[in-house]
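This report refers to the structure that appears directly beneath it.
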Amino acid sequence: MAVGKEIRTKIKSVQNTQKITRAMQMVATSKMRKTQERMRQARPYAEKIREVMAHLAETNTDISHPFLDARDDVKRVGIILISSDKGLCGGLNANVLRQFFNEAQSLMDKGVEIDVCALGQKGYTAAQRLKMNIVASATHLGDTPQMDKLIGPVSVMLKAYQEGRIDALHIVYSKFINTMKQEPKSEQLLPLKPEELEQEYPYSWEYLYEPDISSVIEFLVKRYIESVIYQSVAENMASEQAARMVAMKAATDNAANVIETLKLTYNKARQAAITTELSEIVAGAAAV
Amino acid sequence: MSTMHVEVVSAEAQIYSGEAEFLVAPAEMGEIGIYPRHVPLLTRIKPGPLRIRVAGQAQEVLVVVSGGMMEVQPNAITVLADTAIRGEELDEQRALEAKKAAEAELAKASDDKDVAQARAALKQAIAELHALEYLRKRVH
């Protein structure tokens, strides 16, 4: 009996889609654990370097360095935009990009020009589409944050700041809050805000510096910025996997609902066909 | 004998954490040995082995780092180690590459980058060789 062939094909195709989304969900779940672990591992370095810098700021209250001094006249701002390379992760990239565009718009309204450093394919494409000035980028970062791939774009931005081509450096990324929640965040990296380093220390002492204080500060600030960016990339990756897991779970559930409704329609059609056929037979027999 | 707390961390992971009696590090101005209650010091370190002597252990702990920064306080040492292979020249090449990627012109890595990479990798390899040599000497 050839009833509802279209419906059966449709059920089959939704089932296939469901298989894919379920597989993606499981892959994202296992990757999420790994990315979270990496995010956690990056923390001690950031904490330690912050401590060392706080010690330094404590003992030298009058240090002055371009990285620390705010500039009065901000003409051009560098924004590091961190996004994922791949889609199918819910509203994650859309949220980050909205945050980024809002920030860019409010800066442009003030007459400030913008240089973009795009880490991640999605952000790169979006910035390119809007014909923004992209000065550096790194895409295809994979699932493991690697310092190796970040050093290049970061040093482009640091150099631009040191040479005065940009007057501030911001970063936009997705902060990982928990599995269900990721928040787009934007922060200022340069010039460093001194209050970020303020901590209470019972001792203060004069350091010996090798080779000299200014190169030590420069080295520390560079490494600090790099570690912040590394941490942000790690958070972004964890957010990506979490968002994908949630999105794929929703897709799998939706597919199950669609299959259920389709099956109901199919069965109804089948029963209607059987009833019609029966009544035809009965009517035929009565006529004889 | 008094001890000091030693922590070696890199951006990617925590490498070592524990108490130590004595530590030797490849500082930029030359190798330095540090006992507890050392004068506070901030120094850059070169690629090479960190030797950490732990109380009650005959063997020194050996950690190879590819450069970084070391903070010495009277009772604590923090080593901020680099993980990636670094070098002024190589960083420069990486920066160029990132710029090129932005302009979508990155057909293939330039020869300059290869040379810089090789040179930095060589430095790292030499540091590791030094560490191995040191280990070998200690065994015999």
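Line by line, the protein sequences give chains A and B. Numbers given in the numbering used here equal positions in the first sequence, counted from 1, plus 138. Oh and the second sequence: position 29 is 10 in the numbering used here, straight run, nothing missing. Using N, Cα and C, we set each Cβ at its ideal position, and we do this for glycine too.
Item	Value
Straight-line Cα distance separating residue 37 of chain B from residue 86 of chain B	With a pLDDT of 48 at residue 86 of chain B, under the threshold of 50, the modelled position of that residue is not reliable, and no figure is offered here.
Cβ contact (3+ pairs, closer than 8 Å) linking the segment 312 to 328 of chain A and the segment 226 to 234 of chain A	yes
Residues of the segment 286 to 298 of chain A whose Cβ lies closer than 8 Å to any Cβ of chain B, in chain order	286, 289, 290, 291, 293, 294 and 297
Proximity of residue 376 of chain A and residue 163 of chain A at Cβ, strictly below 8 Å	no
DSSP state of residue 24 of chain B mapped onto helix, strand, coil	strand
Cβ-based contacts, 7 Å cut-off: residues of the segment 94 to 114 of chain B near chain A	none
Residue-chain proximity (residue 188 of chain A, chain E), Cβ-Cβ < 8 Å	In the structure shown, chain E does not exist; the protein chains are A and B.
Residue of A/423, A/415, A/403 and A/426 minimising C-alpha distance to residue 142 of chain A	A/403
Residue 250 of chain A and residue 274 of chain A closer than 8 Å at C-beta	no
Listed by chain order, chain B residues near residue 357 of chain A by CB distance under 8 Å	25 and 50
Element boundaries [beta strand (DSSP E), containing residue 275 of chain A]	271 to 276
Neighbourhood of residue 277 of chain A by C-beta distance below 7 Å, restricted to the same chain and skipping five residues each side	223, 258, 259 and 262
Short-range partners of chain A found in the segment -8 to 4 of chain B, where Cβ spacing is below 8 Å	-8, -7, -6 and -5
Endpoints, the beta strand (DSSP E) within which residue 320 of chain A is located	319 to 328
Beta strand (DSSP E) runs contained entirely in the segment 150 to 191 of chain A, provided each spans 3 or more residues	none
The segment 401 to 418 of chain A contacting the segment 151 to 160 of chain A, beta-carbon criterion three pairs below 8 Å	no
Within-8 Å CB hit, residue 10 of chain B to chain A	yes
Secondary structure of residue 193 of chain A, DSSP reduced to three states	helix
6 Å CB neighbourhood of residue 114 of chain B in its chain, flanking five on each side removed	none
Closer than 8 Å to chain B by CB, residue 236 of chain A	no
Residue 11 of chain B - partner residues in DSSP beta bridges	B/8
Span separating the alpha-carbon of residue 306 of chain A from that of residue 96 of chain B	33 Å
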